[in-house]
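Reading through the structure tokens given below for one structure.
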Amino acid sequence: MITKLNRMTTYKVKLNGKNYFVYEKFDFTKNVCEADVFMENMQAPSDKEAIAVMNLYIEHKNS
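Put into structure tokens, the structure is as follows:
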């Protein structure tokens, strides 16, 4: 489940009972949107968790 927490930058992603946060940032100089994934305690998730969260996030953004 994905919940947008504010208008522009933060999404809460629930995956396998854990909460993750995806922070979007738009680089106007490169015209690119980047995103970082953090766990609820602000630590970085494992690579496998981050990929799964980003896949859900991308699927949500493309729908």
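In my numbering, the protein residues as written are 2 to 64. Cβ atoms here follow ideal geometry from the backbone N, Cα and C, with glycine treated the same way.
Margin query: What would DSSP say about LYS13, mapped onto helix, strand or coil?
Written below: The count along the sequence shown starts at 1 and reaches residue 13 at position 12. Residue state, collapsed to three classes: strand.
Margin query: Quick check on this structure: which residue in TYR12, VAL14, ASN17 and TYR21 has the alpha carbon closest to the alpha carbon of GLN44?
Written below: As a position in the sequence shown, residue 44 is number 43, starting the count at 1. Of the candidates TYR12, VAL14, ASN17 and TYR21, the one whose C-alpha sits nearest the C-alpha of GLN44 is TYR21.
Next item on the list: Could you check how far apart the C-beta atoms of LYS26 and THR11 are, in whole angstroms? I think they sit under 8 angstroms.
Entry: In the sequence shown, residue 26 corresponds to position 25, counting from 1. In the sequence shown, residue 11 corresponds to position 10, counting from 1. With a Cβ gap of about 10 angstroms, LYS26 and THR11 do not count as contacting.
Checklist line | Whole-number beta carbon distance between VAL33 and VAL23, since they are thought to touch under 8 angstroms | finding: Along the sequence shown, read from residue 1 onward, the residue named residue 23 stands at position 22. Along the sequence shown, read from residue 1 onward, the residue named residue 33 stands at position 32. So it is not a contact: roughly 16 angstroms between Cβ atoms.
Checklist line | Cut-off 8 angstroms between Cβ atoms - residues of its own chain near MET55, not counting five sequence neighbours on either side | finding: Counted from its first residue, the sequence shown places residue 55 at position 54. So the qualifying residues of the chain are VAL23, ALA36 and VAL38.
Item checked: Spatial neighbours of MET2 in its chain, beta-carbon cut-off 7 angstroms, leaving aside the 5 residues before and after -> Position 1 of the sequence shown, counted from the first residue, corresponds to residue 2. These residues qualify, in order along the chain: LYS15.
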